[in-house]
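Sequences listed follow chains A and B, in order.
Just so you know, we're using the working numbering here: the first sequence kicks off at 30 and counts up by one.
Just so you know, we're using the working numbering here: the second sequence kicks off at 30 and counts up by one.
A short worksheet on the structure shown next.
2 protein chains.
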Amino acid sequence: MAYNFIEGSVTAPKGFKAAGIHSGIRKNKTKRDLGLIFCETKCTAAAVYTTNLVQSSPIAITKQNLANGYAQAVIANSGNANTCNADGDIKAQMMCDLAAKALGIDAGDVIVASTGVIGQVMPIEPIAESVDELASILTTEECGASDCAEAIMTTDTVKKEAAVEAVIGGRTVRIGGISKGSGMIHPNMATMLCFVTTDAAISSQMIQKAVKIAADKTFNMISIDGDTSTNDMLSVMASGLAGNPEITSEGEDFDAFAEALTAVCRRLSRMMAKDGEGATKLLVCKVSGAKTEKDAIGVAKSVICSSLLKAAMFGADANWGRVLCAIGYSGCDVDVHKVDVSFASEEGRIDVCKNGAGIDFSEDEAKAVLIRDEIDIIVDLNDGEGKAEAYGCDLTYDYVKINGDYRT
Amino acid sequence: MAYNFIEGSVTAPKGFKAAGIHSGIRKNKTKRDLGLIFCETKCTAAAVYTTNLVQSSPIAITKQNLANGYAQAVIANSGNANTCNADGDIKAQMMCDLAAKALGIDAGDVIVASTGVIGQVMPIEPIAESVDELASILTTEECGASDCAEAIMTTDTVKKEAAVEAVIGGRTVRIGGISKGSGMIHPNMATMLCFVTTDAAISSQMIQKAVKIAADKTFNMISIDGDTSTNDMLSVMASGLAGNPEITSEGEDFDAFAEALTAVCRRLSRMMAKDGEGATKLLVCKVSGAKTEKDAIGVAKSVICSSLLKAAMFGADANWGRVLCAIGYSGCDVDVHKVDVSFASEEGRIDVCKNGAGIDFSEDEAKAVLIRDEIDIIVDLNDGEGKAEAYGCDLTYDYVKINGDYRT
């Protein structure tokens, strides 16, 4: 492995500071709702966005601002998605203007993001009144990536931070990220908010390539509930302060960067899936033996999305027939008579299906495996070399509770 | 309207008898688990099946038996799906043999279906030991379609029966059906078990056409949980005893038959959606103004499948943003800035979104509309003439409870 996980997140790379406060967008005063990430130097930057036709206003503004491949700050709020609002674009632009003024940078260098309820007018006053205070924290010891990670949480129950260190071009490079879930999450872009920083020197064009590679293997393989959000965004800013020779083309350095970025994204993805709305378990579907990688991806996603399987996993019920069923309707090229299925966790591994048919297994042993909080659903299609992993969670009473009356 | 709803179901048309008993496939002795439908004369017949690559053994055998376009009986059980079993085809064939012997007909004229748990060996003894008793009931007054409708229920809470009467070719014709849900239900055939009988005279070829038309507008537009079952089947048997001139081509008579058949299927579909696992409400998404019918179908299905919207409806929460979101990721050709959304029920109608943006509405009035048990989600895309309806239900604690430990 060409990287090591380290403590921290977006402020681990050189040049970055971050903060998060309660501004008043949310009524609950104990919950931070406005976050800021700032780099002392202008960064190369790129992002990927939701594929939903309904897109938030912050996404529209961020796309404009990142068109030139540069950024220097992120402003992000929770409590309101600023989506489907007649004045949404104006408000998103105002957020950029306010952040730029407070930080003394150009408004065109600000990435803006919002998450929360769709279709309610975005209140700009709380941001206008607190952005200077937020910016001033960056120069104090209170400054912290964890506060920013908290500020973007909605129904998340834990903050999500990860960072790695890698040697690229003879220099130590760091990559760190924060993200939030945890409902309305489904493959096909980015499926949530995630902000990544790095001190690697890398061109905007190559960041864009690396972001796509990392997202396809991680965030695009998560499903919490099958709903693709309107606000999803994964952005990466690179300060270049690590001093490595700038990565401007594919090759060894680019591969090392993409691998390290993917590692950060994978760790955040697993955290997001495990913290899916109401979830009690992380589910990882590991598919091998597919005719093609595309078939492996299709099968892994289909299994991880099955409501019936998700409910069975909540009940620690080894109902492998639901795995077979989900493989069958995946639309992928599969010979169902060759399929093997096993379940595994820290407790061990249990085989439950061979050649598409059930085999004898101990229900007690299966229960012991499935009672754990990280479950692998292992599918071998025995029909080729294609592999893929998808990430999800169980379906629980609490998912229904959380989403039955989210707005009030 | 060229038809009237009447009492009864599969025994309303001339020539048909039905029965259902507890045979012992299920442990619970108070629950019927084996049903029989028999016609005194050989029928023209056709069926549509699940599109899942993993298909039950009864489907394989029924396909063989219906290849010649004729059938005379249906045998169906609940409690075991006879799917993913090494000896499944043999057991399904044995079910046909047993029914044929008891009824004095050819085994090749039997439609066989099973529903229940996947991947557990099908016990044939309970059927062998009780099929004569079951057949003997057909000649007594205990004979009844309702018992048969009960025998195919799994997690269904109510029996599903419907029948209509129509004048076709100058004669009164009847069409009746029974069906069962209620989980693992998703568009793309047939999404459940449904057996329809009619005394209309109609060729096998034209039944096949009519079944496809009816299924596309009804059963293929239901989603309970996004899982397409391995056992789904919709079969139609026509005795011809109504004495109408045989329908052998398209035209007025065929259209009248297809319309009446669709009416039976639509009523059963609404009953199935309303009785979806754990459901407290029927949801009907009515889409109009789409560029094409295909776009309308895609939007209606996407909305009805959204877990987030389903949970919001359970909570009687007018979270229309989730409707917009689901329209946005439907993959259909939609101008999101033209979309209007309303909710309606017996209580009245409330507009919540115009031109893709929220409008002021009374939360109290919305609550009053949404607290009812049959909710219309009305979407006008204002962009063409395409229309479609999809059927679903809310997502509740009980869905999770039912599916968290289904096998035990």
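In this text, a Cβ means the ideal position worked out from N, Cα and C, and glycines have one as well.
In this text the structure is predicted, and so the values were computed from the model without any measurement.
Below 8 Å, too few C-beta pairs join the stretch 180-190 of chain A and the stretch 67-79 of chain A to call them touching: fewer than three. Secondary-structure assignment with DSSP links Val365(B) through no beta bridge to anything. In the DSSP secondary-structure assignment, Lys383(B) is bridged to Ala386(B). Inter-segment contact for the stretch 337-346 of chain A and the stretch 308-321 of chain A is present: three or more beta-carbon pairs are separated by less than 8 Å.
The three-state reading of DSSP puts Val146(A) in coil, since its state is none of H, G, I, E or B. Taking all protein chains in view, the Cβ of Pro87(B) is crowded by 16 or more other Cβ atoms within 10 Å, so the residue is classified as buried. In this structure, DSSP gives Met221(B) a state outside helix and strand, which the three-state scheme calls coil.
Cβ-Cβ separation between Asn94(B) and Cys113(B): approximately 21 Å, too far for a contact (criterion under 8 Å). Judged by beta-carbon spacing, Ser374(B) lies beyond the 8 Å limit of Ile407(B), meaning their Cβ atoms are not closer than that value.
For a cut-off of 8 Å, the C-beta gap from Pro42(A) to Thr226(A) is around 5 Å, short enough to register as a contact. A distance below 8 Å between beta-carbons, with the five flanking residues on each side excluded, links Asp380(B) to the following residues of its chain, in chain order: Asp369, Val370, Ser371, Ile388, Phe390.
Assignment of beta-bridge partners to Glu403(A) by DSSP yields Leu311(A). For the pair of segments examined, the stretch 267-278 of chain A was found not to touch the stretch 130-141 of chain A: the number of CB pairs separated by less than 8 Å stays below three. Close CB contacts of Leu167(A) within its chain, under the 6 Å cut and outside five residues either way in sequence, are with Lys46, Ala48, Phe67 (chain order). CA-to-CA, the gap between Asp116(B) and Val150(B) works out to about 8 Å. By the C-beta density criterion, Phe224(B) is buried, having at least 16 other C-beta atoms within 10 angstroms.
One thing to note: Ile204(B) has its Cβ no nearer than 8 Å to the Cβ of Lys189(B). Of the residues assessed, Ser252(A) falls on the buried side of the cut-off, its CB having 16 or more other CB atoms within 10 angstroms. Contact fails between the stretch 153-165 of chain B and the stretch 231-244 of chain B, because fewer than three Cβ pairs, one in each stretch, are under 8 Å apart. Listed in chain order, the non-local C-beta contacts of Arg296(B) below 8 Å within the same chain comprise Phe34, Ala191, local neighbours out to five positions each way being set aside. Ala131(A) is outside the set of residues whose beta carbon lies under 8 Å from a beta carbon in chain B. When C-beta distances to chain B are compared with 8 Å, the residues of the stretch 95-124 of chain A below that value are Ala110, Thr112, Cys113, Asn114, Ala115, in chain order. DSSP assignment within the stretch 75-107 of chain A yields the following whole alpha helix (DSSP H) runs of 4 residues or more, N-terminal first: 86-95. Nearest to Ile333(A) by alpha-carbon distance, out of Thr321(A), Asp362(A), Lys303(A), is Lys303(A).
For the stretch 331-349 of chain B, the residues whose beta carbon sits under 9 Å from a beta carbon of chain A are, in order, Cys334, Ser335, Ser336, Leu337, Leu338, Lys339, Ala340, Ala341, Met342, Phe343, Gly344, Ala345, Asp346, Ala347, Asn348, Trp349.
Listed as beta-bridge partners of Lys246(B) by DSSP are no residues whatsoever.
The C-beta distance from Ala347(A) to Leu410(A) rounds to 20 Å, too long to meet the 8 Å contact threshold.
Only Val381, Cys382, Asn384, Gly385, Ala386, Gly387, Glu392 from the stretch 373-407 of chain A bring a Cβ to less than 9 Å from some Cβ of chain B.
By DSSP's assignment, Val370(B) forms a beta bridge with Cys382(B), Val408(B). Those residues of the stretch 74-90 of chain A placed with their C-beta closer than 9 Å to a C-beta in chain B are Thr79, Thr80, Asn81, Leu82, Val83, Gln84, ordered along the chain. Pairing Ala292(B) with Ala105(A), the inter-Cα distance amounts to about 51 Å. Of all alpha-carbon atoms in Ala267(B), Val39(B), Glu179(B), the one lying nearest the alpha-carbon of Thr59(B) is that of Glu179(B). Where Met266(B) is concerned, the enclosing beta strand (DSSP E) starts and stops at 262-267. Taking the Cα positions, Thr201(A) is about 41 Å away from Val146(A). Any Cβ of chain B closer than 8 Å to the Cβ of Asn57(A) would place that residue at the interface, and such an atom is absent.
In this structure, the CA atom of Ala230(A) is about 59 Å from the CA atom of Ser298(B).
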